[in-house]
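Undergrad:
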Amino acid sequence: MPVNLKGKSFITLKDFTPEEIRYLLDLSLDLKRKKRAGIKNDLLKGKNIVLLFEKTSTRTRCAFEVAAFDEGANVTFLTNSQMGKKESIEDTAKVLGRFYDGIEFRGFEQKTVDDLAKYAGVPVWNGLTDMYHPTQILADFLTVMEHVNKPLNKVKFVYAGDARNNMGNSLMIGAAKTGMHFVGVAPKELFPSEELVAEMREVAKETGAIIELTENIAEGVRDADVIYTDVWVSMGEEAHFEERIKQLKPYQVNMDMVEKTNNPDVIFLHCLPAFHDLETSVGREIYEKYGITEMEVSDEVFRSKHSKVFDEAENRMHTIKAVMVATIA
């Protein structure tokens, strides 16, 4: 059956069928090849999009802007609106929906992006909330397609770290939808919510996916095709650094963990930014307070042949372009 996503918001991968996700990934690959070949499509010519940001960003903002410009769209980057201050989310959504063909939101509360999608009358794209990060997952899975010589439904995908954050949630959802063997390797108190796990195991019954959670690192990573991690403390949770370091230090992605996979071709992914050295002010601050030079991933792994993090970062742009083209072109 043909896939038509015209006019649909992109809030969470829970809203998309396996066929629709595959369509977005295939479209991403096609658009990436055309860009590299110098083929200009202008698929968004005459379209106007607005980017609403509550949280800081490098990849998300740049990916949306470059993707839009590549296809001929106009972009407004908006950080100083009255949304939530003097004007409600509902009223802001209705105003922006009159001006723009698509709205991106990157911020804290999931309810904000849900309400924007409810009231705007145009597609709304989730650039990250505390609950979900769906555009990142498309980039991750495109990178897996390019670097793992298996179909997605034969891939063992391990997420090590804080498995109940937006990345842990979203990767589990994406894995369930695409039929992967997903393993969350984490301390039990940082497992995803029981509700979400149960929901994804129901999805897995239809797709053939396997959803596992374990505290046992050796068992969890054995035969992995992909090891993924994220920062131990998300934006807005900085007060929890000491607690997270104690909880997650054993789950650092290092060469010992990589070797436990028994797979010389295992790839390492990270949504970035990563705390793998002392070349950042935050990294140095953490070192001064807690005496650690690396956090969620060792510098050795980050710079190794296993690491595909910069291919993954590039793929943010191609996959975001696909989402915009599919929904408003």
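Numbered per the working numbering, the sequence shown spans residues 22 to 350. Idealized CB from N, CA, C, for every residue including glycine.
1) Could you check if lysine 342 is buried or exposed, using at least 16 other CB atoms within 10 Å of its CB as the buried criterion?
2) Ordered along the chain, which non-local residues of its own chain (more than five positions away) have a Cβ less than 6 angstroms from that of leucine 64?
3) Exposed or buried, isoleucine 70, counting other C-beta atoms within 10 Å across all chains shown (16 or more means buried)?
4) Based on the DSSP output, what are the partners of alanine 181 in its beta bridges?
5) Go ahead and label tyrosine 272 buried or exposed: buried means 16 or more other beta carbons lie within 10 angstroms of its beta carbon, across all protein chains shown.
6) Based on Cα-Cα distance, which residue from Arg127, Tyr153 and Leu73 lies nearest to glutamine 103?
7) Start and end of the alpha helix (DSSP H) containing asparagine 190?
8) Please return the same chain residues whose Cβ sits closer than 6 angstroms to the Cβ of serine 30, not counting the five positions on each side in sequence.
9) For glutamate 125, report the span of its beta strand (DSSP E) as first-last.
10) Look up asparagine 147 in the DSSP assignment and give the residues it is bridged to.
11) Name, in chain order, the residues that DSSP records as bridge partners for tyrosine 249.
12) Name the two residues that bound the continuous beta strand (DSSP E) containing glutamate 8.
13) Sorted by chain position, which residues of the same chain lie with C-beta nearer than 8 angstroms to glutamate 233's C-beta, five sequence neighbours on each side aside?
14) Contact between the stretch 159-169 and the stretch 180-187: three or more CB pairs below 8 angstroms?
15) How many Å lie between proline 23 and arginine 43 at the Cα?
16) With distance defined between alpha-carbon atoms, name the residue in Thr228, Ser214 and Glu223 nearest to methionine 174.
17) Of the residues Lys329, Ser49 and Asp244, which one's Cα is nearest the Cα of methionine 278?
18) Whose C-beta lies closer than 7 angstroms to the C-beta of methionine 221 among residues of the same chain, with five residues either side of it excluded?
19) Starting from leucine 117 and walking both ways along the alpha helix (DSSP H), at which residues does that stretch end?
20) For valine 71, report the span of its beta strand (DSSP E) as first-last.
21) Around the Cβ of glycine 200, are there at least 16 other Cβ atoms within 10 angstroms (buried) or fewer (exposed)?
22) Cβ of threonine 164 within 8 angstroms of Cβ of asparagine 336?
23) What would DSSP say about methionine 104, mapped onto helix, strand or coil?
TA: For this structure:
1) Classified as buried, lysine 342 has 16 or more neighbouring CB atoms from the shown chains inside 10 Å of its CB.
2) Excluding positions up to five away in sequence, the list reads Glu92, Val346 and Ala350.
3) The Cβ neighbour count for isoleucine 70, taken over all protein chains shown within 10 Å, is at least 16; the residue is labelled buried.
4) Beta-bridge partners assigned by DSSP to alanine 181: Val206.
5) Answer is buried; the Cβ neighbour count reaches 16.
6) Cα-wise, what sits closest to glutamine 103 is Leu73.
7) From DSSP, the alpha helix (DSSP H) with asparagine 190 extends over 187-199.
8) Excluding residues within five positions, the ones whose Cβ falls inside 6 angstroms are Ala138, Pro144 and Val145.
9) Segment 123-127, the beta strand (DSSP E) holding glutamate 125.
10) Its beta-bridge partners are Phe126.
11) DSSP lists Tyr180 and Leu290 as the bridge partner or partners of tyrosine 249.
12) Shown here, the chain extends from 22 to 350; a query on residue 8 therefore has no answer.
13) Hits under 8 angstroms: His202, Phe203, Val204, Gly205 and Gly241.
14) Contact fails: fewer than three Cβ-Cβ distances are below 8 angstroms.
15) Rounded to the nearest angstrom, the two C-alpha atoms are 12 angstroms apart.
16) Residue identity differs from the one stated: residue 174 is asparagine in this sequence, not methionine. Nearest in C-alpha terms to asparagine 174, of all of Thr228, Ser214 and Glu223, is Thr228.
17) Of the listed residues, the one whose Cα sits closest to methionine 278 is Asp244.
18) Excluding residues within five positions, the ones whose Cβ falls inside 7 angstroms are Met193, Ile194, Ala197 and Ile232.
19) Unbroken alpha helix (DSSP H) run through leucine 117: 110-120.
20) 69-74 is the extent of the beta strand (DSSP E) around valine 71.
21) Residue environment analysis places glycine 200 among the buried positions, since at least 16 neighbouring C-beta atoms fall within 10 angstroms of its C-beta.
22) By the CB criterion at 8 angstroms, threonine 164 and asparagine 336 fall inside the cutoff.
23) Three-state result, methionine 104: strand.
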